[in-house]
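Beneath this line is the structure, given in C-alpha cells, with notes to follow.
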Amino acid sequence: MLNRYAGLNLYRGFESLRLRSSSDGRPVVGRATLSASGLPLAFPSRATSRADASSHRHMTDSTPTDAASSHRLRFAPSPTGFLHVGGARTALFNWLFVRKYGGAFLLRIEDTDKARSTDESTRAIFDGLRWLGLDWDEPAVYQGANVARHRSDALRLLAEGKAYRCFCTTADLDERRKAAESQGAAFVYDRRCDRLPVDEIDRRIAAGVPFTIRFRVPDGTTRWDDMVRGEIAFPNADVDDLIILRSDGTPIYNLAVVSDDIAQRITLVMRGEDHISNTPKQILLYEALGAPLPRFAHLPNILGADGKKLSKRHGATAVGDYEHLGILAEAMVNFLALLGWSAGDDREVMPRADLIALFSTEGLLRKPGVFDVKKLEWMNGQHLGMTSAEVLEPLLSPLAVSQGLATAVELATRRAWWLQLIDLLRIRGRTTVEIVRMAVPYFRDDFEYDPDAVAKQWKDRDATARLLEAVRSRLAGSGWDPVELERDLRALADELGIGAGKLLQPLRVALVGSSASPGIFDVLVLLGRERSLRRVDRALTMLAEAD
RNA sequence: GGCGGUAUCGUCUAGGGGACUAGGACACAGCCCUCUCAAGGCUGGAACACGGGUUCGAAUCCCGUUACCGCUACCA
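Residues 0 to 546 (numbering that gives the first Met the number 0) are what the first sequence spells out, left to right.
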C-alpha cells in the first residue's frame, strides 16, 4: 500500500488553524482522474463515454434533463472486498434513476480506511460494474485524494465553534463505554472536553496531547423526507457528538462523505438502509457547513435465506461469483432490480431498456428481500431463451475453449454449426455453464454414458442391438436433414410395429449417452452422418461386449 | 439496553377502505403437449403476525404488542 497520506503534518496544521480564526483553506479538489493509490484505472471504459450515456437516455421516455435541476447521484463503495450483490443493487438503482430521469451517475471509491482498502478490491468493483453494464458518467473519484479538504472542513467547524477538541483517549473511551453498557445504559459522550477551560486546552495543546475533533450536535430534532420511507425524525439528543477528525488528522467517514457529496454537488443520496442512522449526523454536518441538503433515499437490505443480512457465509455474494456460475449480466440486473423495486404490475422478466423505462421511485420498496438463487437461475434461463445465439456465442466460446471442447479457431471455422448448437441448447439450460456442459457430446467422443439412461433404454440388450442394427442401416441410406430423417425413422418404427419413442430413446442414448437432448433429428444433423453412424456402431459394440 | 426501520403464500411481490371466496411469479406436486429434456399450457396445496380501535365496511387508516433487521467505533 502506498503511503498516500504522507505529509499531512497534522499538528502544524492544527496549530496554524487555531491561530487563524477561519480556515482560509483553499479548496482542495481531489485529482479525480488519478488514483490515490496509483491505480491506472481512472476511466472505466469506453462504455463511459458521454455518447454512450446519452444513448441510454434516448431509449427512455420523457423526463426533463434541464441542466439547472439535473440530478447527480453517486455510488460510493469502500474497496474492502469484492463487489457485493447488495452494493451492486445500490449502484443499479442509482444508475437506473439517472438513466430514467436524466443527470449524472458518479462513482466514488471510499478508500480512506487505509488499513482495509486494497487496489485489488477497487479493480473488482470496476470489473463488477462494468460486467453489469453500469457505466458512470465522470471519472471515478478517490476519496483518499480529498483528505486535505475533509480536514479543512473539520478545522473550519472547529474555528467556527461548531466542533471542539476532544482529548479523551481510545482506551479511556472504551472503558467508559463498557462501564455504561454493563449498567444497561447507552453510552453517550458526556462532552467533558467541551467544558474544558481555555487555558487548559492551550496547556494540553502546548504539551502535545493528541486530540480528535468532535462535532457538537445542536439541540433539536433532525428530520428528512426519505424518498422511500417518508418522514424520519431523530431527536438530536440521541445523536452522539461524533468525532469528525482522528487524532492523526485523517477524516472520519461521516465528515468525508458529506464533504465529498457537497463537492460533487450530489442531489440525491441513495444507499442502503444501514445508513439511516448516519443520516441525521450527516444532515447536521451539511447544515453546519452551510451547504444545501440533498434528498435521501434508503433502500432495504438484501437478506440471505436465513433472514440475516447477506454476507459471505451465505455462499456466493459477489457479483463476480454469479458471472462465473454462468449468469448473464442482463439477468443479474433484472433480478437485482426486482429486489427492492417493483414495476407495479406483474412484469418480471424484462430487458434493461424496459427496466429504465418502467423505473420510478414510487416503485421502491421498504421491506428487505431474501436473495433467492433459485429464482435468479430461473430468470437467467428466461434471458437465455430470449437471447440470440449470436449474442450468446462470445460468452459461450471462451467457456467451451476452457472446457477443452474445442479451440477458438475451431469454433470460428465451424461458426454456423456452433450457432446452431447454441440455438438448440439455450432454451434448455439455465446458465451458460450448464449449456457448455450439455454441449460436450457434440464436440467430443469420450462423453459419459448416463448409467440410468443405459439401464432404462438398453434394458434388453439383444433386442436393443437388433433395433439399433436396423436403425443403422436405415440411417445409412437416409437423406440427412431433419425432415427426411424423421420420415425414415418413423417409417422404420411403423414397420417394426413399435412406437417412435421405443426406437428414438435407445438411439438417443447411443448418440449422446443420455436420455435427454434436443430433438433427435436435430441431433443427428448436428452430429453428421459419419459420427452418428460411428456412435451407433460403438453402442452396438458396447451391447455385444456386455456379458 | 437505547435509537431507527420493517411486517401479505416457504421466497419475490400485486393490493393503497368496498372490485379479495386476496392476484401473479419462483419453488413444490399432478396433468397435458411430446421422440426425451427444456420451454409452454392447465390444475393443486400455500399468506394478510397478534390485540385493540376508526368506519356501515379494513389486508388496506390509527394505537399498542410481538417478531425480525439495522445502527449504536478515533470502520466505511
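Each residue gets a CB set at the ideal place from its N, CA and C atoms; glycine is no exception.
This one's a predicted model, so the numbers in the text were calculated from it and none came from an experiment.
> Taking the C-alpha atoms as reference points, what is the distance between residue 102 and residue 70?
Replying inline: Taking the first residue of the first sequence as position 1, residue 102 is located at position 103. Taking the first residue of the first sequence as position 1, residue 70 is located at position 71. Near 4 Å, if we compare the C-alpha coordinates of residue 70 and residue 102.
> So, is residue 507 buried or exposed, given that buried needs 16 or more other C-beta atoms within 10 angstroms?
Replying inline: Along the first sequence, read from residue 1 onward, the residue named residue 507 stands at position 508. Looking at its Cβ environment, which holds 16 or more other Cβ atoms inside 10 Å, residue 507 is buried.
> In the structure shown, what three-state DSSP assignment does residue 0 receive?
Replying inline: One-based indexing of the first sequence puts residue 0 at position 1. With a pLDDT of 31 at residue 0, under the threshold of 50, the modelled position of that residue is not reliable, and no figure is offered here.
>> Here's the rule: buried if 16 or more other CB atoms are within 10 angstroms of the residue's CB, otherwise exposed. What is residue 456?
In response: The count along the first sequence starts at 1 and reaches residue 456 at position 457. When all chains shown are included, residue 456 counts as buried.
> Counting along the chain, where does the alpha helix (DSSP H) carrying residue 426 start and finish?
Replying inline: Locating residue 426 in the first sequence gives position 427, where the first residue counts as 1. No alpha helix (DSSP H) contains residue 426, which DSSP labels as neither H nor E.
>> As an exercise, report each continuous beta strand (DSSP E) stretch of at least 3 residues that is fully enclosed by the region 134-211, in chain order.
In response: Given a length threshold of 3 residues, each whole run of the beta strand (DSSP E) inside the region 134-211 is given here in chain order: 162-165.
>> Here's the rule: buried if 16 or more other CB atoms are within 10 angstroms of the residue's CB, otherwise exposed. What is residue 529?
In response: Walking along the first sequence from the start, residue 529 turns up at place 530. So residue 529 ends up on the exposed side.
> In its own chain, which residues sit with a C-beta less than 8 Å from the C-beta of residue 337, not counting the 5 before and 5 after it?
Replying inline: As a position in the first sequence, residue 337 is number 338, starting the count at 1. Excluding the 5 residues flanking it on each side, residue 337 has same chain C-beta neighbours closer than 8 Å at 347, in chain order.
>> Quick check: what's the CA-CA separation for residue 303 versus residue 513?
In response: Your numbering for residue 303 matches position 304 in the first sequence. Your numbering for residue 513 matches position 514 in the first sequence. When rounded, the distance between both Cα atoms is 36 Å.
>> Residues in the same chain with beta-carbon distance under 6 Å from residue 432, minus the five sequence neighbours each way, listed in chain order, please.
In response: Position 433 of the first sequence, counted from the first residue, corresponds to residue 432. Counting only Cβ-Cβ distances below 6 Å, and skipping sequence neighbours, we find 325.
>> Can you look up residue 529 in the DSSP assignment and give me helix, strand or coil?
In response: On the first sequence, residue 529 is found 530 positions in, with the first residue counted as 1. If DSSP states are grouped into helix, strand and coil, residue 529 belongs with the helices.
> Given a threshold of 16 other Cβ atoms within 10 Å of its Cβ, counted over all protein chains shown, does residue 417 qualify as buried or as exposed?
Replying inline: What you label residue 417 is simply residue 418 of the first sequence in a count that begins at 1. Counting Cβ neighbours within 10 Å, residue 417 comes out buried, since at least 16 surround it.
> By a C-beta neighbour count over all protein chains shown, 10 Å radius and 16 as the cutoff for buried, is residue 248 buried or exposed?
Replying inline: Start at 1 with the first residue of the first sequence, and residue 248 comes out as number 249. Answer is buried; the Cβ neighbour count reaches 16.
>> Please state whether the Cβ-Cβ distance between residue 349 and residue 296 is less than 7 Å.
In response: Locating residue 349 in the first sequence gives position 350, where the first residue counts as 1. Locating residue 296 in the first sequence gives position 297, where the first residue counts as 1. Against a cut-off of 7 Å, the Cβ pair of residue 296 and residue 349 comes out as no contact.
> If you compare alpha carbons, which of 204, 209, 164 is closest to residue 190?
Replying inline: To locate residue 190, count along the first sequence from 1; it is residue 191. Looking at the Cα atoms, 164 is the closest of the given residues.
> Closest by CA to residue 396, which one among 412, 246, 198, 206?
Replying inline: Along the first sequence, read from residue 1 onward, the residue named residue 396 stands at position 397. The shortest Cα separation from residue 396 among 412, 246, 198, 206 belongs to 412.
> Run through DSSP, which three-state label would residue 481 get?
Replying inline: The residue given as residue 481 occupies position 482 in the first sequence. For residue 481, the secondary structure class from DSSP, reduced to helix, strand or coil, is helix.
> Excluding the five sequence neighbours on either side, which residues of its own chain have a C-beta within less than 8 Å of the C-beta of residue 83, listed in chain order?
Replying inline: Position 84 of the first sequence, counted from the start, is the residue given in the question as residue 83. 309, 316, 317, 318.
> Are the region 277-290 and the region 176-184 touching by the rule of at least three beta carbon pairs closer than 8 Å?
Replying inline: Not touching, per the Cβ criterion.
> How is residue 104 classed by DSSP in three states: helix, strand or coil?
Replying inline: Taking the first residue of the first sequence as position 1, residue 104 is located at position 105. In the structure shown, residue 104 sits in a strand (DSSP, three-state: E or B).
> Under the DSSP definition of a beta bridge, which residues are partnered with residue 267?
Replying inline: On the first sequence, residue 267 is found 268 positions in, with the first residue counted as 1. Its beta-bridge partners are 72, 294.
> Measuring CB to CB, does residue 272 end up less than 7 Å from residue 299?
Replying inline: Residue numbering aside, residue 272 sits at position 273 when the first sequence is read from its first letter. Residue numbering aside, residue 299 sits at position 300 when the first sequence is read from its first letter. Taking 7 Å as the Cβ cut-off, residue 272 and residue 299 qualify as a contacting pair.
>> Is it buried or exposed, residue 115, if we count other Cβ atoms within 10 angstroms and call 16 or more buried?
In response: On the first sequence, position 116 is the one that residue 115 refers to. Here residue 115 is exposed, its C-beta having fewer than 16 other C-beta atoms within 10 Å.
> What's the C-alpha gap between residue 261 and residue 314?
Replying inline: What you label residue 261 is simply residue 262 of the first sequence in a count that begins at 1. What you label residue 314 is simply residue 315 of the first sequence in a count that begins at 1. The straight-line gap from Cα to Cα measures roughly 37 Å.
> Using DSSP with H/G/I as helix, E/B as strand and the rest coil, what is residue 308?
Replying inline: If you number the first sequence from 1, residue 308 lands on position 309. Residue 308 sits in a strand when the DSSP states are folded into three classes.
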